[in-house]
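Protein chains in written order, with the numbering used here: chain A, -13 to 134; chain B, 523 to 913.
Built from N, CA and C at the ideal position, the CB exists for glycine as well.
In what follows, a single structure is set out as structure tokens and then discussed.
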């Protein structure tokens, strides 16, 4: 075991994530488990094929309990956004862009648009999924401008 | 015992002072406003036999009944959905009286929502608001992204609408200025004697950029409001001129939820208010032009526009022009939130604006509509609404 005196100087530790982790419910556990693995998945009815969000135990179209977890394209557009200024949201050094993302699969998902200046955000701007770390070693899907 | 359909009416209204620090328990506020409503009506609190509040009210029915000496409580219920519950309390009271289930229904909402906890701040580890029954089940999908306050959820809901119709934040200022003008003339209002200008609105800080400034947001308030509902026949024999509940309803269309409401088809409309409007106009046989005043839930200014449009007071996208041209003013087509609303008077979760509708019909508002007789008032909390009428 090395001691502080004989070890090589360590690289500065990456700053610890300050974003609060997702609040996980049983019906959405599949989603957050996949996000931890940097996979963006959704719920589709195993019988009639309807995509649903938020996740739910029963298909509202055919009442099937057969849930399929399927990869989503991760592509979408910015349907609406806001920049929370006051109070400063907990866990963010700078004000994030919070957006409703219209996904290709026809469902919507609240997320952040990252790698995008506040004055660059536009309605219907194409975005693609990426992931950011949270406290407690979790990850959440966020979106960045397509092509960045 | 045979039941028969009975018309319902509001016989009494009561409120505490509206403040930022009441200095007493929420239960005490509830008891005080309940007693005030009973005394206003001339009903002995012992004879209350129905009680209705919001799911998120912290006072217990039994504890409140113990304060009021309620002899035999025949009916209790709570309405989910936070402030969206406001008008549904009248709806349920009407239904209970109509069905002959009880005679004297007490509706109350009392809270120390400034001094004890603050809806407008980041959650302090309290998970309460993400739980079932609050109608806000998808809030947990917002929180990791920094949308942690009602203003952030409300702004995100309004953004698409404002983009589509080019509604600017300055356009919203006309709502704030009008409501604060009303509040300035209402001694019960927190902002009594404190009108604002459009420039004040435009120089107030961003809460949610580029949609909501501070003066687009409702207050955080301590206080309580109560309403006593009974049959129209009984109300005629009581102390006040009865206010007939001509119609009341609720509408929660598919995939609509309270405030984190991003999953229904068209985010440029408020489908729940459209649903309420459709049923309410059909139920009463009335039209928007029959309303002489409206009390419209104004947690945030854009939602006033969305409700004005949903109820048909103006066409989609024309709400901003309606308010800019003085549509909400006392001499306008629809005097609205004449108490000052939730931004100007107080935020008692919509209840305080509803009892302003009662005052308008009684003719006792500090900002009384005088250009015409107030025959009908619309009260709306988005997912529920009622038409109150002169009896």
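Separation of the CB atoms of residue 699 of chain B and residue 615 of chain B is rounded to 34 Å, and the pair is thereby denied contact status at 8 Å. The three-state secondary structure of residue 40 of chain A, taken from DSSP, is coil. Residue 738 of chain B and residue 868 of chain B have their C-alpha atoms roughly 14 Å apart. By the neighbour-count criterion, in which a residue is buried when 16 or more other Cβ atoms sit within 10 angstroms of its Cβ, residue 692 of chain B is exposed. Among the residues facing chain B, residue 68 of chain A is included, as its CB has a counterpart in that chain under 7 Å away. Chain-ordered listing is empty here: chain B has no CB closer than 8 Å to the CB of residue 50 of chain A, the nearest sitting near 17 Å.
Within chain A, 68, 69, 70, 71, 81 and 104 have C-beta atoms less than 9 Å from the C-beta of residue 731 of chain B, given in sequence order. Listed along chain A are 40, each with a C-beta nearer than 7 Å to that of residue 660 of chain B.
Remark: three or more beta-carbon pairs, one from each stretch, lie closer than 8 Å, so the region 96 to 112 of chain A and the region 61 to 80 of chain A are flagged as touching.
According to the DSSP assignment, residue 728 of chain B belongs to no alpha helix (DSSP H) but to the beta strand (DSSP E) extending over 728 to 731.
Here the alpha carbon of residue 545 of chain B sits roughly 48 Å from the alpha carbon of residue 46 of chain A. Non-local beta-carbon contacts of residue 642 of chain B in its own chain, meaning distances under 8 Å to residues more than five positions away in sequence, involve 671, 672, 673, 739 and 742 in chain order.
Listed along the chain, the chain A residues whose CB falls inside 8 Å of the CB of residue 636 of chain B amount to none; the nearest CB is some 14 Å away.
Pairing residue 890 of chain B with residue 881 of chain B, the inter-Cα distance amounts to about 8 Å. Among the residues of chain B, those whose CB is under 7 Å from the CB of residue 120 of chain A are 666, following chain order. With respect to the C-alpha of residue 827 of chain B, the residue from B/554, B/688 and B/610 having the closest C-alpha is B/688. Within chain B, the residues 667 have their CB atoms less than 7 Å from the CB of residue 97 of chain A, given in chain order. Setting aside the 5 residues that flank it on each side, residue 849 of chain B is surrounded in the same chain by 855 and 856, each with a C-beta closer than 7 Å to its C-beta; the list follows chain order. Sorting B/595, B/806 and B/772 by C-alpha distance to the C-alpha of residue 797 of chain B places B/772 at the top. With contacts defined as CB atoms closer than 7 Å, residue 572 of chain B and residue 903 of chain B fail to qualify as a contacting pair.
Shown here, residue 700 of chain B sits in a helix according to DSSP, grouped into three states. Rounded to the nearest angstrom, the gap between the Cα atoms of residue 714 of chain B and residue 724 of chain B is 21 Å. Here DSSP, grouped into helix, strand and coil, assigns residue 117 of chain A to strand.
Non-local beta-carbon contacts of residue 810 of chain B in its own chain, meaning distances under 7 Å to residues more than five positions away in sequence, involve 833, 834 and 835 in chain order.
At a cut-off of 7 Å, the C-beta of residue 821 of chain B has no neighbouring C-beta in chain A.
Distances from the alpha-carbon of residue 906 of chain B to those of B/852, B/829 and B/532 put B/829 closest. If you look at residue 97 of chain A, you'll find it isn't in any alpha helix (DSSP H); it sits in the beta strand (DSSP E) that goes 94 to 99.
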